[in-house]
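In mature numbering (1 follows the signal peptide of the UniProt record, and there is no 0), the protein residues as written are -31 to -1, 1 to 475. The beta-carbon is built from N, C-alpha and C at its ideal position, and this holds for glycine as well. Reading through the structure tokens given below for one structure.
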């Protein structure tokens, strides 16, 4: 029989059950007194918890029992439907955040591919290109902490700030596309710097908004949700390295920026349409509140800045980004000049590590959730995954530095693919720790650590360039410094990181 019963269906069922039910009632209820016996005080007292209240009239209490049973069935169905609705909201939220991260990294990598034709058109020097590229990081650094505070003060909180960030980022990309209408090199350079700074400003606002949104996920889904979202980063980088050369070759370099800006604005419109439906009730999600804005509250910066667990995460994020952005910056050059591949093949080889990294991100998230369900202690889980994410790639870097040239191109590419695949473990380690420490202030913690992560790579990337020029070797100039950063990060995390909810969470 279907669980949802109409009143007419209940009446028919009652008529069929009534004779047997009356017999059962006489044998089981206090209406039946055994021969020679009498009801005790306990037997005549109030009914047990969950039992129907007996009312006067033959069979009345049976009808009451049926009503209670139907109410319980309807309540169970309601709870099941509510759980399915919440699961749908979580999945939709994760998908939207994944796409926002993919768009962010598409806009990060597009200039690194399109800069050569831009440089040729306007006669820009290497110093001009470096100055324009660094404009992104200046914007990226400046808005992350203000973005965390903005979440508290605007309607819609994190959801509004994320939409605003992607809009600004897309407008910055649009500004780069308009370079095609300029002829003056100096004006083109300043417009390029401004547009890249706007891209950084927008992405900087998005970082705390994504972190705050991930804080809404319950602990049982935090690893897989975070992994899936951050898979958008490696997906965006990989697609950018793969698509940009093709688009430039067939449609010209301005088309790359027009297309990516349009994609960002389309995402913003879709996000504005679905965001209201993602606002959840405090009781329905484990860590969410009535709105994204309420989940942050006033950020206790003094307590956060005095917390050792927070600084452990900040240091690890900085070291992780040193390794990530160093490889992102120099990997295409390594394949082109260090290995001797042509531009098309070098771009494809640079794409492969990020493809496998994105796939691995989804897998490790599901694995982490399963291990947590099987009884793994949360702190152990985080440290195992983050240890793999730091020490595994470090071993690959050292192998590439010592044995790579003698092993050949295929082995060198394979080691870089393995390194990026193993790095996916940080989705269930470092990048979940912000929400472990404080679901309420996860966005502020991510903004703090990501700001450090944006500053740290700038001098290191420049230093690696000098090392490559001085040594004439990518082994000593690139792979060894990256391995050192990863080993230091791994040691800091496994010895100092904590997953305990901190007092400043409230």
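Below 8 Å on the Cβ atoms is my guess for residue i versus residue j; work out the distance and round it to an integer in Å.
i	j	result
residue 369	residue 317	Not really, about 18 Å apart at Cβ, beyond 8 Å.
residue 222	residue 86	4 Å
residue 422	residue 290	4 Å
residue 121	residue 268	7 Å
residue 384	residue 373	7 Å
residue 81	residue 162	Contact doesn't hold; Cβ gap of about 15 Å is too wide.
residue 83	residue 225	5 Å
residue 454	residue 288	5 Å
residue 158	residue 97	6 Å
residue 466	residue 282	7 Å
For residue i versus residue j, is the C-beta distance shorter than 7 Å?
i	j	result
residue 63	residue 198	yes
residue 230	residue 142	yes
residue 135	residue 116	no
residue 394	residue 333	yes
residue 70	residue 184	no
residue 451	residue 292	yes
residue 456	residue 327	no
residue 109	residue 175	no
residue 407	residue 471	yes
residue 412	residue 351	no
residue 343	residue 409	no
residue 196	residue 396	yes
residue 154	residue 92	yes
Spatial neighbours of residue i within its chain, please: CB distance less than 6 Å, with the 5 preceding and 5 following residues excluded, ordered by chain position.
i	result
residue 348	468
residue 338	192 and 193
residue 462	285 and 355
residue 360	459
residue 123	129
residue 329	390 and 393
Please return the same chain residues whose Cβ sits closer than 7 Å to the Cβ of residue i, not counting the five positions on each side in sequence.
i	result
residue 464	none
residue 346	none
residue 319	210, 300, 301 and 304
residue 378	308
residue 336	none
residue 232	72
residue 106	169, 423 and 427
residue 325	386, 389 and 390
residue 446	433, 436, 437 and 440
residue 402	282, 351, 466 and 468
Which two residues bound the contiguous alpha helix (DSSP H) that contains residue i?
i	result
residue 197	188 to 220
residue 403	399 to 406
residue 362	347 to 371
residue 307	Here residue 307 belongs to no alpha helix (DSSP H), and DSSP marks it neither H nor E.
residue 457	449 to 465
residue 165	154 to 183
residue 93	Element bounds for residue 93: n/a, residue is neither H nor E.
residue 385	378 to 392
residue 427	426 to 440
residue 140	126 to 146
residue 274	270 to 274
Excluding five sequence neighbours on each side, which residues of the same chain lie with their C-beta closer than 8 Å to the C-beta of residue i?
i	result
residue 78	205, 206, 209, 210, 213 and 297
residue 140	167, 171 and 230
residue 237	132, 135, 136 and 139
residue 416	113, 114, 116, 117, 176, 177 and 180
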